[in-house]
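There are 2 protein chains.
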Amino acid sequence: MFQDPNVIYYIFAILVAALSFAFAVYLYFNVKKYPSTNERIAQVGKLIQQGARAFMKKEYRVLLRFCAVAAILILVFLPSPIWQRTSFSELATENLAMAIAYVFGAFLSAMAGKIGIKVATIANMKAAEAAKTGIKPAFMVGFRGGAVMGMAVVGSSLLGVALVFWLSGNASVLLGFSFGASSLALFAKAGGGIFTKTADISADLVGKVELGIPEDDPRNPAVIADNVGDNVGDVAGMGADLFDSNVASFTAALVIATTLAASVRAASEAIVFVYAGLGLLASIIGVATARIGKHGNPTRALNSSTYVTTGIFAVLTAIATFVFTSMPQYTLPNGGNWRIWGASVSGLLIGVIIGITTDYFTDDSKKPVHMVAKASKSGPAFTILSGMSYGFISTLPAMIGIAASALIAYKLCYPIGGSGEYAMFGISMAAVGMLSIVGMIISNDAYGPIVDNARGLAEMGNLGDEVLEITDELDSAGNTVKAVTKGFAIAAAGLTVISLLGAFMSEVNDAIVKGGLAIEKLTGFDIMNPTVFFGILIGAAIPAVFSAMLMLGVDRNAQRMVAEIHRQFKEIVGLKEGKAGVEPEYDKCIEIATDGALKELIPAGLVAILATLAVGFIGGVHAIGGFLLGNIVSGLLLAMFMSNSGGLWDNAKKYVESGHEGGKGSDTHKAAVVGDTVGDPFKDTAGPSLNTQITVVSLVSSLMSTLFLTLHIFN
Amino acid sequence: MFQDPNVIYYIFAILVAALSFAFAVYLYFNVKKYPSTNERIAQVGKLIQQGARAFMKKEYRVLLRFCAVAAILILVFLPSPIWQRTSFSELATENLAMAIAYVFGAFLSAMAGKIGIKVATIANMKAAEAAKTGIKPAFMVGFRGGAVMGMAVVGSSLLGVALVFWLSGNASVLLGFSFGASSLALFAKAGGGIFTKTADISADLVGKVELGIPEDDPRNPAVIADNVGDNVGDVAGMGADLFDSNVASFTAALVIATTLAASVRAASEAIVFVYAGLGLLASIIGVATARIGKHGNPTRALNSSTYVTTGIFAVLTAIATFVFTSMPQYTLPNGGNWRIWGASVSGLLIGVIIGITTDYFTDDSKKPVHMVAKASKSGPAFTILSGMSYGFISTLPAMIGIAASALIAYKLCYPIGGSGEYAMFGISMAAVGMLSIVGMIISNDAYGPIVDNARGLAEMGNLGDEVLEITDELDSAGNTVKAVTKGFAIAAAGLTVISLLGAFMSEVNDAIVKGGLAIEKLTGFDIMNPTVFFGILIGAAIPAVFSAMLMLGVDRNAQRMVAEIHRQFKEIVGLKEGKAGVEPEYDKCIEIATDGALKELIPAGLVAILATLAVGFIGGVHAIGGFLLGNIVSGLLLAMFMSNSGGLWDNAKKYVESGHEGGKGSDTHKAAVVGDTVGDPFKDTAGPSLNTQITVVSLVSSLMSTLFLTLHIFN
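Quick note, the sequences are listed as chains H and S, same order.
Everything in the first sequence is counted per the working numbering, starting at 3 for the first residue and increasing by one.
Everything in the second sequence is counted per the working numbering, starting at 3 for the first residue and increasing by one.
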């Protein structure tokens, strides 16, 4: 393994990963050293910790079983069925390696989630108390708490990819690793999403709407579950999701790189690892230098550190490209190194632009939010109609952006050589570029639930209005930044799955060559081929069905929890009146959210996976090519629509609450609350889970390519 | 023109069209001879007639200007720019013929709409009064009134296609005719859809929700506008829509037929005309034999006549195929005639199955409606979430159905010969088959608004509860059947646009050959080509933007009308109290609906057309191929979702009103009403307009193919 000319680059990637772990540990202790004195906060914070831990434990137990079954299936069937294996060494290097890689991917993803939750449920308490001394320390605690997650996720994804690729020397095995990360993410995101929205909606429905008690009121039996939900949905789920996207983008680039001519293969692989490492390095610098400015504006602090990271990445990779071009063995023909740099940086820039455009549709100082608030004056139906409409419109700029960045990368890299493989490699590097700042993105994103929790803790700990004002401001910055990062995450997933489509084609052609099959190599998927078309139409319907199942899951689960809350208010004497010493049974609500989420998530995930298998065994690789395309297109469209409509409704409600169009308590407000409730599972359950659904389906297809190639009904 | 071996088939088609006109005239007089005695009904009926006429006049005036501009542009630019023409005869036979065909298509579509409105606004009064003598005569009046529209639409589409094709002998000119029909349909459907939902929502919002007065209460200033809306939206708009689909399916089949080998071209063209003629004949027989059975169940009567028509079509075309195979010059190789028959009949069968599946999701005796009603107990947010979820799920069977019928037709017809052209021809014949019973479908569909109006007239004419019960039953049958016919219409449009994609490719290749261009002929559109991919992503976003613009249009317009209704109730003394002799100013509301609809429809239509031009001039024919695919896939998905969710909410509301889950006036009912209001523009404005949007975009692409081929930035 040390003969590989690229050993130095693997080691570089591993070292950067190690640096990020070290930095995460530093941040962890930095957060931990903030004082905690308030007993009530400690007590409630502990409840949240326990709830989150209980959910994670149960969830991982379910997923363990799923992963075990999947690992055995991989061992037996992938990449080729075990009975076709002629020697043990073949078996060990392929089927066994893939099964082990799969388990390793799932394990790393789970670990990153666990670490994130652990830190987040400490940082929330620390941030609440830090707010007593001002916005600056509270911001730093929240941000650094989130950054631990960011560093853990990106570090472990880079470490995993480098190790698996180095040890196996086989990009196909990497697909197994990526699938492990992805299948865990699918369930973590969907399960966490169902949990968090079940609790959120139920708490609001009974608390705010029926009883008129404030958010985070400790009398509400669902209040702890709601805070737990922020952690398991937004911290662990989102972390798993971006872990998955990140790994998938590296995997796609490496799978495509292995199809390149032998003379440039090593150089191309080196570029992937260097860019990935430099992206993480840029994120580390971005996080380390993030400061809340003189004006104490947290939104500006979060955004500006994102821009700083983007700039650092562009500069660092430019330097790396300059160095590469001075070494003949790493110089690609036709100025290829700079072309790839261009593709990567333009991917990143477009990602940032998409994030900013998305922001327009959800920002409460912009027209869409104002129009939805205004429409709410005519009743909730108009809240829904106008919010959905703007959500639909918001898909256009993002779709144009994704399409443009793919086109630019392709056109830039096509002249490097090969018959289009470099063009596909360019697209995959645009995805790597877009995801390079993901460490920063996760830090920003995990900041949200931490300060949201801190707000709840400040309320329950009776820290007073001044502190609440600070936590409110921090919370609102979290929501604003979330819109940007979500648009970014979807765009990055979009570009990644496009390159996964390329990876799928590479895998199929690889299988044709290796199997000595009398089939022409694939050069593409023709829309006019009815088998492809068949796949497209069915692939397009899957995201709709998948998100519907998740939403129905939230719906059913919330009905159960509302019934439980009603029961408690009825049966526990003195609870409604807030009698001292009377406490609701928080754990019952946590249990309902947990059990319901685990019950509802498996069918949705299975539908996506089984539909892929059905289409593949019916129509073979052509149908799957179409299936992936249809899935990508409708998945991106729906994800964007749901995330943006949801964010828009959320902010329209807040806009009304801040005194516009009748203000809090008016009929307009009630209508806006309906919009927000519809938007909750849109933006936090179904929308973001679609990212993962698309990736899982793409990976399953690549993994099964040999089987789909040889076993199918039509062609 | 008489040397054409197929003259006899053109004449056959024209004769069947003439027969359908004669039958329409008979039905018209049959409806007219029913007595009308109630003065109040006559008076209100007249107001509806005047309102509808006023809208149609204004709308046609706007469209006249649009069509004039489009005709001039066609004359100058299409199929090739005027300055490239070398002789006057070339100009006359292509550009001029196409411009004339365009105007003719728009004119015929407008005429069919006008006739439909004229009859519907008579039949509504007659049906109301006929209900006094029982359900049978009322049903017959409603159904036959609708059938006039059905016969007019299908007759004139067949007549137009036969004449244009016969006279020009050029399938490309037919594209001009089809585009004329389509551009009119786009605006008629969208404009009518905005009008009808503006009036419907506003009337309900102020009448039912705010004041608690019943539907169709004459004190409501919007009540006449609401009834006018049923006619202009559901009768004229829907007629234009299906006129368009029908013409487009013939056009696609004939364009593809002209690409076939000379030896089989005439036979294939003959088959198109014979199948089209027999489809209309089957519809005539179906309509003529429709009777409401002993049990007086109108739903069963409507459905069974649809099945009868389906059966007759299958038998008639089988006989025709038998005859064709006895004539050597009309016998296709490899049992081709029977293969085409199979494709066509399977298309029709699958269309019916899709209709029935759709019905499951909207039928009030099935689970989805019950679940949405139950979810409404937790508030309107859950009505929306559950309704949307089932709407999403409902797309899957329809997508599978469309995909399967395309695949079956392709596989059946591929062996006939050629290099895939026959397979595409098979798909286009599946679309022709699916649309063969469209005469029956339109009759059923136009029946709905007529009996809906009749219900309103019976209420306003004080005909008593017994009569209202009958009209209610007729109305409810209309709603049930509507769900089936809508699913059918969307599926048919889907299959049609797939064949239009084939037609587009034929046109491009034709342009390459004719222009002597040094470009390889297209064999398909490769997903992995980033230009195609670019087109796909943007094409997929357009239906979302288009439907959002229409919904926002309804939203804005309804806000204006609600303000006007409030003004009238405030300023007109005695109106709210129902003082004798005090009447609201109905015409003001009609004016608002009319002006608003016309103002809102143009931008949405232009966005679709301009986006096509932009993509075509940026990426050329490859980008357009992708654009069409993306547009078809997301258009079908959204159309299906919106229509079905809308129908589901409508029926869930009615289910609650019939006494379930709390019944009328309960909070559950209020939540269900919110769902219904959201569903209104979903199912009657945006959803069905998407059909037409897809067709228009496909036709624009085919028409512009030469220009896109030669003028573009990327490739």
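We put the beta carbon where it would ideally sit given N, CA and C, even for glycine.
Test item: CB-CB of residue i and residue j under 8 Å
i      : j      : result
H/L476 : H/A140 : yes
H/L459 : H/I43  : yes
S/G178 : S/A103 : yes
H/L176 : H/V257 : yes
S/F710 : S/I626 : yes
H/C591 : H/P223 : yes
S/A108 : S/A192 : no
H/I196 : H/A599 : yes
H/L701 : H/A250 : yes
H/P683 : H/A268 : no
S/M401 : H/I540 : yes
H/L465 : H/R221 : no
S/A319 : S/L351 : In the sequence under discussion, the amino acid at residue 319 of chain S is Thr, which differs from the Ala named in the question. Contact: no.
H/A278 : H/A543 : no
S/G628 : S/K655 : no
S/D246 : S/S430 : no
S/A432 : S/S396 : no
H/A688 : H/T473 : no
Start-to-end residues for the alpha helix (DSSP H) that takes in residue i
i      : result
S/R146 : 137-170
S/V325 : 300-326
H/S91  : 90-93
S/Y588 : 588-659
H/D6   : Neither: H/D6 is in no alpha helix (DSSP H) and is coded neither H nor E.
S/H568 : 532-573
S/G182 : 173-205
H/S247 : 240-259
H/F267 : It should be pointed out that residue 267 of chain H corresponds to Arg in this sequence rather than to Phe. Where H/R267 is concerned, the enclosing alpha helix (DSSP H) stretches over 264-291.
H/P451 : 440-462
Supposed close pair residue i, residue j - CB separation, criterion 8 Å
i      : j      : result
H/V371 : H/L650 : 6 Å
H/A227 : H/A187 : With a Cβ gap of about 23 Å, H/A227 and H/A187 do not count as contacting.
H/G435 : H/V310 : Their Cβ separation, rounded to whole angstroms, is 16 Å, which puts H/G435 and H/V310 out of contact at 8 Å.
S/S645 : S/I492 : 7 Å
S/G504 : S/G480 : That belief does not hold up - the Cβ atoms of S/G504 and S/G480 are roughly 36 Å apart, past 8 Å.
H/G241 : H/A448 : 7 Å
H/D686 : H/T198 : 6 Å
H/L2   : H/V699 : Absent from the model: residue 2 of chain H. The displayed extent of chain H is 3 to 717, so no value can be given.
H/I314 : H/I287 : 6 Å
Chain-order list of residues whose beta-carbon lies under 6 Å from that of residue i (same chain, five-residue window excluded)
i      : result
S/Y737 : Chain S is shown from 3 up to 717; residue 737 of chain S falls before or after that span and cannot be answered.
H/I117 : A154
S/Y424 : C415, I418
Neighbourhood of residue i by C-beta, 7 Å cutoff - its chain only, sequence neighbours within 5 removed
i      : result
H/R302 : G295
Chain-order list of residues whose beta-carbon lies under 8 Å from that of residue i (same chain, five-residue window excluded)
i      : result
S/K34  : I124, K128
S/V105 : C69, A73, G182
H/D84  : Rather than Asp, the amino acid found at residue 84 of chain H in this sequence is Ile. L77, V78, L93, N97, listed in sequence order.
H/M563 : T200, A201, S204, A224, A227, C591, I594, A595, G598
Q: Could you pull out every unbroken alpha helix (DSSP H) segment of at least 4 residues lying fully inside the stretch 337-392 of chain H, listed in chain order?
A: Runs of the alpha helix (DSSP H) inside the stretch 337-392 of chain H: 338-364, 369-377.
Q) Could you give the uninterrupted runs of the alpha helix (DSSP H) lying entirely in the stretch 8-73 of chain H, keeping only those of 4 residues or more? A) Entirely contained in the stretch 8-73 of chain H, the alpha helix (DSSP H) runs reaching 4 residues are, in chain order, 9-34.
Q: Please list the segments of the alpha helix (DSSP H) lying wholly inside the stretch 668-700 of chain H, counting only runs of 4 or more residues, in order along the chain.
A: Those alpha helix (DSSP H) runs which fall completely within the stretch 668-700 of chain H and span 4+ residues are 669-683.
Q: Mind listing, in chain order, the continuous alpha helix (DSSP H) runs of no fewer than 4 residues lying wholly within the stretch 474-532 of chain S?
A: Runs found: none.
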